[in-house]
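If you read the sequence shown in the numbering used here, its first letter stands for residue 59, the second for the next number, and so on. Glycine residues also receive a C-beta, built at the ideal position from the N, C-alpha and C atoms.
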Amino acid sequence: MSDVHTDAASGDLASAPRDVTLTGTARVGRRTKDLAKRLRSGEVAFIDHRDLDRVAGESLVATGVAAVVNASEFISGRYPNSGPARLQEAGITLVDAAGPEVMERVTDGSEVTIIGGRILCAGEQVAEGEPLGPELISERMERARDSIGAELRSFAVNTLEYIDKEADLAFEPLVVPELSTDFRGRHVLVVVRGHDYKEDLRALRPYIDEHHPLLVAVDGGADALLEVNYTPDMIIGDFDSLSADAWECGAELVHHVHPDGRAPGREELAEAGKPYVEFVVEGTSEDAAMLLAYECRAELIVAVGTHATMVEFLDKGRAGMSSTFLTRLRIGPMLIDAKGVSQLYKGRVRRRDIALLVIAALVVIAAVALVSDSLQLFLRALWVDVRDFWYSLTGRFS
Numbered sequence: 059m060s061d062v063h064t065d066a067a068s069g070d071l072a073s074a075p076r077d078v079t080l081t082g083t084a085r086v087g088r089r090t091k092d093l094a095k096r097l098r099s100g101e102v103a104f105i106d107h108r109d110l111d112r113v114a115g116e117s118l119v120a121t122g123v124a125a126v127v128n129a130s131e132f133i134s135g136r137y138p139n140s141g142p143a144r145l146q147e148a149g150i151t152l153v154d155a156a157g158p159e160v161m162e163r164v165t166d167g168s169e170v171t172i173i174g175g176r177i178l179c180a181g182e183q184v185a186e187g188e189p190l191g192p193e194l195i196s197e198r199m200e201r202a203r204d205s206i207g208a209e210l211r212s213f214a215v216n217t218l219e220y221i222d223k224e225a226d227l228a229f230e231p232l233v234v235p236e237l238s239t240d241f242r243g244r245h246v247l248v249v250v251r252g253h254d255y256k257e258d259l260r261a262l263r264p265y266i267d268e269h270h271p272l273l274v275a276v277d278g279g280a281d282a283l284l285e286v287n288y289t290p291d292m293i294i295g296d297f298d299s300l301s302a303d304a305w306e307c308g309a310e311l312v313h314h315v316h317p318d319g320r321a322p323g324r325e326e327l328a329e330a331g332k333p334y335v336e337f338v339v340e341g342t343s344e345d346a347a348m349l350l351a352y353e354c355r356a357e358l359i360v361a362v363g364t365h366a367t368m369v370e371f372l373d374k375g376r377a378g379m380s381s382t383f384l385t386r387l388r389i390g391p392m393l394i395d396a397k398g399v400s401q402l403y404k405g406r407v408r409r410r411d412i413a414l415l416v417i418a419a420l421v422v423i424a425a426v427a428l429v430s431d432s433l434q435l436f437l438r439a440l441w442v443d444v445r446d447f448w449y450s451l452t453g454r455f456s
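Dropping the structure here:
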């Protein structure tokens, strides 16, 4: 358990990040999403993640870490990435740009102490970064927003260039592997671990329970489904972020392979020893999932957590969105993007609802009273008591 205290006179952690002293167990990992699976509450995460994205930030918050030390810059200014703000809002201590050597000098499982931006192991300083508080985060995010125009132009140029190169590939016939999952005439829910995927999944519960769509998870989307007590029918992707539960859930496994031969998930699949098929197609794994459902004659494709904006693609480290644009052009009206559905309606108790509830309760009481002699007798006695009490009050003040 980490010991966190401040030496600032005000004791305000947010306003005086340089005065924070914290001690905890170090967990070191270059891939943030893999490290998040090993982290425990109160530990100190050491990552090397330039421009920490929102989903990675939320995964770190969920572990309950006390601090995150980044060898790289949390916010480089290239675009407004919201991962660091999520960590800061959760009260997590942040040390920025501690340098690549920190990943070598800090041993996984060792005890570390953070004093301001200094990182100490066994009383010896091994690295130093910059404490990152809310003021610095706001300042750097503002600068990133001011420079977004240049990044948007670069992103658009990259997208258009790749559209020109990949257009032929996008519309040529696809070779669909032999599958045990039957898509024909079914609704298909494609789940990706993107922005607000948890909230959107919960909002779609009535749809899932009523229509029973095929549940197709893209990599970490399998764990998203398991978290809300649904089991995926199929998992597609490069299998670099599945939990042990996802591997054992019984879903059909489809390995996404690129036309140029890139197949990043083969090692994981071979190590797991699970049967799988390969689907060769250009684009992202979420593109592959939608195209597979489309080619297999699904009736409707509903997508959750997919990437559609420039910031979301930059969060994923992609400089353009050509494959996604071409995929959606090909699928057309068969696709319903449910991204953000949880924001459409947030229930609130209205006065009219309370009034209707009270009226309904009175109607039920009246109906029961009509057929119950004992309840009628009780209500008459209650009425007499109330009347006598009223008369005693009015008589006293008359």
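With distances taken between CB atoms, is the gap from residue i to residue j smaller than 8 Å?
i: Ala202; j: Gly135; result: yes
i: Val360; j: Leu283; result: no
i: Leu152; j: Leu190; result: yes
i: Ile177; j: Glu186; result: yes
i: Val274; j: Pro264; result: no
i: Ile221; j: Thr79; result: no
i: Ala129; j: Asp106; result: yes
i: Asp298; j: Glu336; result: no
i: Ile150; j: Val126; result: yes
i: Thr364; j: Val250; result: yes
i: Arg89; j: Glu116; result: no
DSSP state of residue i, grouped into three classes?
i: Asp395; result: strand
i: Arg445; result: helix
i: Ala347; result: helix
i: Glu336; result: strand
i: Arg89; result: coil
i: Pro189; result: strand
i: Phe241; result: coil
i: Asn139; result: coil
i: Arg438; result: helix
i: His316; result: coil
i: Ala103; result: strand
i: Asn128; result: strand
i: Ala84; result: strand
i: Gly363; result: coil
i: Ser450; result: helix
i: Glu169; result: strand
i: Val164; result: coil
i: Arg176; result: strand
i: Ala67; result: For Ala67, the pLDDT reaches just 35, beneath the cut-off of 50, and the residue's location in the model is therefore unreliable, although a value from the coordinates is still provided. If DSSP states are grouped into helix, strand and coil, Ala67 belongs with coil.
i: Val233; result: coil
i: Leu110; result: coil
i: Val119; result: helix
i: Asp154; result: strand
i: Leu97; result: coil
i: Leu311; result: strand
i: Leu300; result: coil
i: Glu306; result: coil
i: Thr382; result: helix
i: Glu326; result: helix
Taking its Cβ as the centre, do 16 or more other Cβ atoms sit within 10 Å of residue i, making it buried, or is it exposed?
i: Trp441; result: exposed
i: Tyr255; result: buried
i: Asp281; result: buried
i: Tyr137; result: buried
i: Ile133; result: buried
i: Trp448; result: exposed
i: Ser205; result: exposed
i: Pro231; result: exposed
i: Ile394; result: exposed
i: Ser73; result: With a pLDDT of only 40 at Ser73, under the threshold of 50, the placement of this residue in the model should not be trusted; the figure read from the coordinates follows. Ser73 is exposed by the Cβ-count criterion.
i: Val86; result: buried
i: Gln183; result: exposed
i: Gly279; result: buried
i: His253; result: buried
i: Asp92; result: exposed
i: Thr165; result: exposed
i: Ala180; result: exposed
i: Pro142; result: buried
For residue i, collect the residues of the same chain with a Cβ closer than 7 Å to its Cβ; drop the 5 residues on either side in sequence, then sort them by chain order.
i: Arg244; result: Pro271, Leu272, Ala356 and Glu357
i: Ile389; result: Met348, Tyr352 and Ile359
i: Arg198; result: Ile133 and Gly135
i: Tyr343; result: Sequence inspection shows Ser at residue 343; the Tyr mentioned does not correspond to that position. For Ser343, where only same-chain residues beyond five positions count, the Cβ hits under 7 Å are Val276, Asp277, Ile294, Gly295, Asp296 and His314.
i: Glu370; result: Gly252 and His253
I'd like the list of long-range same chain contacts for residue i, defined as Cβ closer than 6 Å, with 5 residues on each side in sequence excluded.
i: Val286; result: Leu259
i: Leu372; result: Tyr137
i: Val234; result: Glu353
i: Gly175; result: Val153, Glu186, Gly187, Glu188 and Pro189
Short of 8 Å in beta carbon distance, which residues of its chain neighbour residue i, apart from the five on each side in sequence? Order them along the chain.
i: Lys332; result: Trp305 and Leu311
Does the beta carbon of residue i sit closer than 8 Å to a beta carbon anywhere in chain B?
i: Trp448; result: Structure shown: chain B not included; a single protein chain is present.
- Message: For a minimum of 4 consecutive residues, which ranges assigned as the alpha helix (DSSP H) are wholly contained in the stretch 271-297?
- Response: 279-285
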